[in-house]
Each structure stands twice: as C-alpha cells, then as structure tokens.
Amino acid sequence: MSVSKIGAAVTALFVSAMAGGTALAQEAARAIGAPVPKQLGLQEAASPVMERLHDFHNLLLWTIVAIAVFVTLLLLYVMIRFNKRANPVPSTTTHHTWLEVAWTGIPVLILLFIAVPSFRVLYYMDKAPNPELTVKITGHQWYWSFEYPDHEGLFFELRMIPEDEIQPGQLRLLEVDQRVIVPVGVDVRVLVTGADVIHSFAIPALGVKKDAVPGRLNETWFNVTREGVYYGQCSEICGTGHGYMPIAVEAVSKERFQQWLGQQQALNNNGSAPRQVAEAAAQ
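If you read the sequence shown in this note's numbering, its first letter stands for residue 15, the second for the next number, and so on.
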C-alpha cells in the first residue's frame with residue numbers, strides 16, 4: 015500500500031473517531047455531490063484530479079501535525095530544562111553555528127518536500143492531454159451560461175431556482191434550472207471566461223476551481239468517475255448576487271448523454287426550450 019493511501023486511511027479513521035456521525039455524512043455527500051451537515055474534510059472525490067488533491071491534502075495534514083507536535087515538545091523541553099529554577103546561572107552562549115544551520119535548513123527541506131507533490135498536482139490539473147468534450151462556461155452578473163462548441167454550439171443559461179420554488183429533495187441555493195450535462199469516464203475540457211466582472215467556476219467534488227476573467231479564456235478539465243449530480247458555486251466575490259450563482263454538473267452514461275445531446279439539438283433547431291437529461295430520457 016502506498017504512503018498516500020496509508021495517509022488517507024489514517025485520516026479517515028481519525029476523522030471518524032472525532033466526528034461520530036461523520037461517516038454517514040460523508041456517504042450522503044458522496045451520494046449527492048454536495049456538502050452536508052456535520053461533514054468534516056473535503057467533499058468525496060469524483061474525479062482523478064480531486065483524488066490527487068485528497069492525497070496532497072492528507073500529506074499536508076500529517077506534515078503540519080508532525081511540525082506542531084515537534085514544536086510543542088520543543089517548547090515543553092525548553093520550559094522545563096532552561097527555566098530559572100533549573101538554571102540559576104544562565105548560559106552566556108550567544109551563537110551556535112550548527113543550531114542556526116539546522117533551524118534554517120530544516121524548514122527549507124520541508125518546503126522542498128511539499129513543493130514536489132504540489133507541482134505534480136498543479137501540472138496534472140492544468141490541461142487534459144486528449145479531451146473528448148469541450149464545454150465553455152461564461153460567468154455573468156449573476157448567472158452562468160454554458161456552450162458545447164463541438165456540438166453545433168449548443169448554448170444554455172444556468173440560473174438558480176428561487177427559494178420559494180424549491181421542491182422537496184432539492185438543495186436550497188444550489189439547485190439550478192439547467193444543469194451542465196457530461197458523460198462519465200470522459201476527459202472534459204472546460205473553457206472559462208467572464209462577461210462582466212471576475213467570477214470563479216468551482217465544483218469541489220470534481221477538483222475544479224478556475225477564475226472567469228473578462229477578456230481572458232482560462233482552461234481546466236475534469237473526468238467524472240461516477241454518475242450523479244455535483245454542485246458548486248461562484249467562489250469570487252462578484253457583487254450583490256454572488257451568493258446566488260450555483261452550478262450543477264450532472265454526469266450520465268455515454269449512451270444517455272448521446273441521447274440527450276440529439277434531443278437537445280433537435281429542440282434547438284425547432285426553437286424549443288432545453289430540457290434536463292432526466293426529462294429527455296423519459297420521452
């Protein structure tokens with residue numbers, strides 16, 4: 015078993031022991047792709063990028079724990095070993111070359127230890143080498159629009175469902191009237207831009223967070239590993255409606271995606287309104 019998997023397992027045991035009902039919360043988060051009450055830690059990973067981010071998070075967590083324990087023990091040792099009672103005559107030593115080298119060199123080595131996996135994750139999540147699908151996301155004040163450039167430029171607007179229209183089982187401030195539909199097991203290239211001010215397209219369960227900057231086209235990617243709906247929100251303070259810009263990505267099988275795609279293209283040619291994949295599949 016790799017070090018990262020061991021760290022992930024130890025982290026899961028630690029969190030479960032501290033949280034009590036957290037295991038149930040994590041299972042619920044896995045089912046709906048959204049944060050749930052009493053949840054600790056990151057959302058359940060649903061993409062290879064997020065899995066690597068989990069591993070990097072666990073590495074950082076235990077590195078920080080080791081540093082905190084070491085510093086705490088060092089402080090206790092100094093308090094006991096060098097207090098006035100134990101040392102009525104204080105030392106006159108003013109410099110210690112090897113000690114100064116150690117407290118400078120060890121932090122540098124720790125930073126290098128963190129930097130290597132950090133750069134690996136950054137490089138991995140930058141661009142998909144061979145994307146099979148492209149989705150263009152544009153942030154507006156205060157809603158999102160998305161387009162499928164590879165499929166006759168299918169274009170939709172994505173707006174939050176108002177609180178007074180939420181149906182039983184839907185999530186307040188996270189449900190939208192039109193989801194971004196993608197197939198599972200496919201590298202999806204995401205092009206992100208802004209129409210007015212800076213927004214930020216973020217889906218925690220997929221490990222996606224990319225600024226939507228006016229006049230600039232930023233790129234990221236994801237590959238959803240299981241079917242489901244994954245929620246996110248704008249993560250850049252963009253004005254009074256910032257808290258009302260949710261995002262919902264629905265991952266379906268390749269067969270259902272092709273079926274939905276064909277029906278949406280037919281509706282688009284006829285000038286009809288787009289439908290969710292569940293509604294399209296029911297026809």
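Every residue gets a Cβ at the ideal spot worked out from N, C-alpha and C, and that includes glycine. For clarity, every value in this text was computed on a predicted model and none was experimentally measured.
Here PHE84 carries a helix assignment [DSSP, helix/strand/coil]. Going by C-alpha positions, ASN237 is about 13 Å away from VAL243. Contact between ALA48 and LEU187 does not hold, since the beta-carbon distance rounds to 10 Å and is not under 8 Å. Here DSSP, grouped into helix, strand and coil, assigns ASP225 to strand. For the pair SER267 and VAL206, the CB atoms are not nearer than the 8 Å cut-off. Annotation for PRO131: the continuous alpha helix (DSSP H) segment containing it runs 111 to 138.
Of all C-beta pairs linking the stretch 214 to 227 to the stretch 244 to 257, three or more are shorter than 8 Å, placing the two stretches in contact. A residue is called buried once 16 or more other Cβ atoms fall within 10 Å of its Cβ, and LYS224 is buried on that count. For LYS150, the closest C-alpha among the options TYR91, ARG230 and PRO143 is that of ARG230. One alpha carbon belongs to HIS165, the other to GLU179, and they sit about 32 Å apart.
Non-local C-beta neighbours of GLU189 in its own chain, meaning closer than 6 Å and more than five positions away in sequence, comprise ILE175, ordered along the chain. In this structure the stretch 86 to 102 does not touch the stretch 157 to 164; the number of beta carbon pairs closer than 8 Å is below three. TRP235 has ARG203 as its beta-bridge partners, per DSSP. With a threshold of 16 other beta carbon atoms within 10 Å, PRO260 meets it and is buried. CA-to-CA, the gap between ILE124 and MET64 works out to about 24 Å. It is roughly 10 Å from the alpha-carbon of ASP201 to the alpha-carbon of THR234. Per DSSP, the beta-bridge partners of LEU147 are VAL202. Taking C-beta atoms as the reference points, LEU147 and TYR157 fail to come closer than 8 Å. Minimum Cα-Cα distance from PHE169 among the listed residues VAL85, GLN155 and ILE195 corresponds to ILE195.
Sequence-distant Cβ neighbours of GLY167 in its own chain, meaning closer than 8 Å and more than five residues away, are GLU161.
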